[in-house]
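Take a look at the structure below.
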Amino acid sequence: MTYGLEGPAPEDRPAPQGRRTPQGIRIDPEVEAEHEPRRTVISALVKHEPGVLSDVSGLFSRRQFNIESLTVGPTEDESQARITLVVEEPDPGIAQVKKQLRKLIPVISVRELPGDAMRRELALIKVNATQPDRVAAVADMYGAKAVDASPETATFEITGSRQKIDAAIETFGQFGIRELSRTGTTALARDTEDTASEAPVEQQVNRQQTTSPHPTANDD
Amino acid sequence: MSERAAPITRETDEQPAETRPDDSSTETDRPPVTTGAEAVVRTLENAGVEYAFGVQGGAIMPVYDALYDSEIYHVTMAHEQGAAHAADAYGIVSGEPGLCLATSGPGATNLVTGIADADMDSDPMLALTGQVPTAFVGNDAFQETDTTGVTAPITKDNTFSSDSARVGQDVAEAFALAREGRPGPTLVDLPKDVTNGETDRVPDELTPPDTYEVQEEADPEIVRDAARRIEASSRPVMLLGGGVIKADAAEECRAFAIEHEIPVITTMPGLGSFPEDHDLSLEMAGMHGTGYANMAISLCDTLIGVGTRFDDRLTGGIETFAPDAEVIHVDIDPAEISKNIHAEYPLVGDAATVMEQLADEVDASPEAKKWRAQCQQWKSEYSMAYQAPEDEPVKPQFVVEALDEATSDQAIVTTGVGQHQMWACQYWTYTEPRTWVSSHGLGTMGYGVPAAIGARLAADDDQEVVCIDGDASFLMTIQELSVAVRENMDITVAVLNNEYIGMVRQWQDAFFEGRHSASEYGWCPEFDKLAEAFGAKGFRIDEYDEVADTIEAALAYDGPSVIDVHIDPRENVYPMVPSGGDNSQFALTEDQL
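Order-wise, the sequence lines are chains W and F.
Every number in my numbering is 51 more than the matching position in the first sequence, counting from 1.
Every number in my numbering is 526 more than the matching position in the second sequence, counting from 1.
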């Protein structure tokens, strides 16, 4: 005995013609969506209270966002802290990072920084200093500042863009790097622009998520 | 007490009812607040809380001590999970945050399932947990758990309250936050020294934290564009989710659909947002949705989704979900827009407000006569049917229909999770919002009985509360029956008993070559007798001719009753869209899977 319902079998039913991408975007030849990951900087202003960082990092781990770096520190207002995130995601993912971040109650504002924002990170590099002259020359070349020296080692502090630090590390590599520690990127918007203020385009849900609201944020 | 609340008389020797302050009491009549715990309880009273569900324990004792003199009626549950589910269900039915209480450590962790459930379904709920004194926090003290840490991913927000002077404010903000915007569970962790500490500060306002922003109205420009799209569409469909009910927007959605003659589909949490006996209703879509709803959703050209998060149980495979449709998505939470399904027309705002905006903007109804005829044809082609030969065991669908028939339109249904839940979706005709209480997003087995307890207290006196449960689901929280008996709650539990974890058995048959690994319940207790042992009324159904009379007797019994319904153990749930599949390719029988 067969149980179940009447009606045409699956292959006999009319089938829809369209298709969606894995991001749920309807495929329309005119707006065919491209979703290559891009790297961007997101700045969040948060309440300076215990647990915020854990809320933020927990959000990223459970939603599987690809975060490259996260820095946090106090601001000019002692009740607020600024979290700077470098994210590498396709555009729908970046939009989700911003929206989910904004949902956290201690988060005051979230903004994706424009491509021309100032972005810096810091590294401490401890190298073998058996050839002090050459080490000093390399340090000079990258504007690195000696913060510690011993007969065997020298430790330099270097700040700048990610690429500059990458390059410095590579060059220092010839002497043998004993230890290395670097911070993530921290950033501020240029000129009179307020880093924290949410751009109107981000207060509204971005309708054209297939195109970025800002130029791609290449590291300077 | 509000009109909704079922009156429960509580008279004790120490505290005769007549000496308790009544509704007319003013602030000045009440004794002054002197401790953090009293500030917490006074805050809850001022918020209009009538019921609390919980279990006593060491770290929460100061709060319970303050509750002793309170107008808030506390229902002691058998397990903290039951407290959280009861509070959740109370929130669904009443629209106001349900309150649950637990002590630190195991009490708090036992709440976790219920909190996660409320979080997935966006149900308003406030959980208060005791915590070891602040001096012990972080030292692995007795019954210490990092409760805010544990619950951070499953709450809308949680707070470790560290100051007696601030604790009332923390609770007030958490309560307001639970119901504001997109509702959800909030939690306040209350260290014992904070609740014992001195304070007289009670907040006078219930406002969420100042960083919480809600957008009520959608962008008028997008509303205009969406309206043009609706007018121009020839195959429109409205998809109503649980958010419609949470936002009390059912009326606006109904009016819009009926005025413009747009076929309406609901998600599972959206059941009751549109009357299923209306011509335009195509009922529920998704994995076990009706064939006609899934055909309509697959072939529509405009999809107006309201208060839905496009869960994968609804959409099936993203690539094949409504592939021809432009999506208009109404949601109060911007993060839901284009999360799973890209929305061409994102309308962020309160569902009722946005539907009014949309109604004002749409000038002409879409020309969709052919489409509606097509939907009706699908309705007859794929009508929800089942075979019920007299000489075979009772079919569960028959029992659900019989229960529906024996109760009023206002009756509230709660369920556990599994096959019985799907039959309760498919074969019960929902017509009113807030009459369907189930665990949707998390799919928590054992939800049904404690939910019936919470729903009972939020329901009107003359509203029946029916719990449709499965044998495996019922066994998970059966201890809460003792609470229903103690409180003499008029609820009827129908256990659709097939001695299986039926939904798992169905999947094993379809996808694991019938290898019934750990899904058989050969040692199932006799639930009617078990009910009697708890002090409830027990019934049993084996044959078709017992169904109507037994249901009538169980509903008539004034108190908790349990019907052990021995159903056909082979019966499975159809239609079915295999996980991640194409909604239009639903299987009507096992052969089509």
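Glycine residues also receive a C-beta, built at the ideal position from the N, C-alpha and C atoms.
Treat the numbers as computed from the prediction; the structure is a model and nothing was measured.
- For F:L884, the uninterrupted alpha helix (DSSP H) run begins and ends at 877-887, by DSSP.
- DSSP places F:R1012 within a helical segment (H, G or I) once states are collapsed to three.
- Looking only at F:A700, F:L806, F:L716, the smallest Cα-Cα distance to F:P709 is reached by F:A700.
- Fully enclosed alpha helix (DSSP H) runs of no fewer than 4 residues occupy 922-932, 945-953 of the region 900-974 of chain F, in order along the chain.
- At least one beta carbon of chain W lies nearer than 8 Å to the beta carbon of F:A678.
- The beta carbons of F:E757 and F:P734 sit no closer together than 8 Å.
- Taking C-alpha positions only, F:Q945 is separated from F:I1093 by approximately 12 Å.
- At least one C-beta of chain W is nearer than 8 Å to the C-beta of F:L703.
- Out of F:H804, F:L1022, F:V880, F:H814, the CA that lies nearest to the CA of F:G831 is found in F:V880.
- In this structure F:A1020 is in contact with F:V992, their Cβ atoms being roughly 7 Å apart against a cut-off of 8 Å.
- One thing to note: F:A776 has its Cβ no nearer than 8 Å to the Cβ of F:P557.
- Under the Cβ distance rule, F:F924 does not count among the residues neighbouring chain W, no pair being separated by less than 8 Å.
- Listed along chain F are E907, Y908, S909, A911, L1114, each with a C-beta nearer than 8 Å to that of W:E57.
- F:L1114 and F:G562 have their C-alpha atoms some 59 Å from each other.
- In the assembly as shown, F:G1106 is an exposed residue. Its beta-carbon has fewer than 16 other beta-carbons within 10 Å.
- If you compare the alpha carbons of F:K921, F:A932, F:V963 with that of F:T941, the shortest gap goes to F:V963.
- At least one beta carbon of chain F lies nearer than 8 Å to the beta carbon of W:G75.
- Looking at F:V581, F:R1096, F:T970, the one whose alpha-carbon comes closest to that of F:A653 is F:V581.
- For W:V158, at least one C-beta of chain F is nearer than 8 Å to its own C-beta.
- Distances from the alpha-carbon of W:S94 to those of W:E163, W:D245, W:A197, W:F207 put W:E163 closest.
- For F:E731, the closest C-alpha among the options F:V714, F:A578, F:Q695 is that of F:Q695.
- In the structure shown, W:D184 adopts helical secondary structure according to DSSP, grouped into three states.
- Distances from the CA of F:I1004 to each of F:A1059, F:I1027, F:D988 were compared; the closest alpha carbon is that of F:A1059.
- Taking the C-beta atoms as reference points, F:Y953 is found nearer than 8 Å to F:E927.
- Contact check between the region 116-123 of chain W and the region 67-77 of chain W: fewer than three CB pairs, one atom from each, fall below 8 Å, which does not count as touching.
- Closer than 8 Å to the CB of F:E927 there is not a single CB belonging to chain W.
- The alpha-carbon of F:N820 is positioned some 15 Å away from that of F:M948.
- F:S687 is the residue among F:T569, F:S687, F:T639, F:L637 whose C-alpha sits nearest the C-alpha of F:Q657.
- In the three-state scheme derived from DSSP, where H, G and I count as helix and E and B as strand, F:V770 is classed as helix.
- For F:N820, there is no enclosing beta strand (DSSP E); the residue is found in the alpha helix (DSSP H) stretching over 817-825.
- Taking C-beta atoms under 8 Å as the contact rule, F:V589 and F:L703 fail to qualify, at a distance of about 19 Å.
- Shown here for W:L239: same chain residues with a beta carbon closer than 7 Å to its own, the five before and five after excluded, namely A168, M169, T246 in chain order.
- Separation of the CB atoms of F:S760 and F:E887 is rounded to 19 Å, and the pair is thereby denied contact status at 8 Å.
- Under a 10 Å Cβ-count criterion, F:E809 is classified as buried, with 16 or more other Cβ atoms of the shown protein chains found around its own Cβ.
- For W:S94, the enclosing beta strand (DSSP E) starts and ends at 89-98.
- Approximately 11 Å separates the beta-carbon atoms of F:A977 and F:A644; this is outside 8 Å, ruling out the contact.
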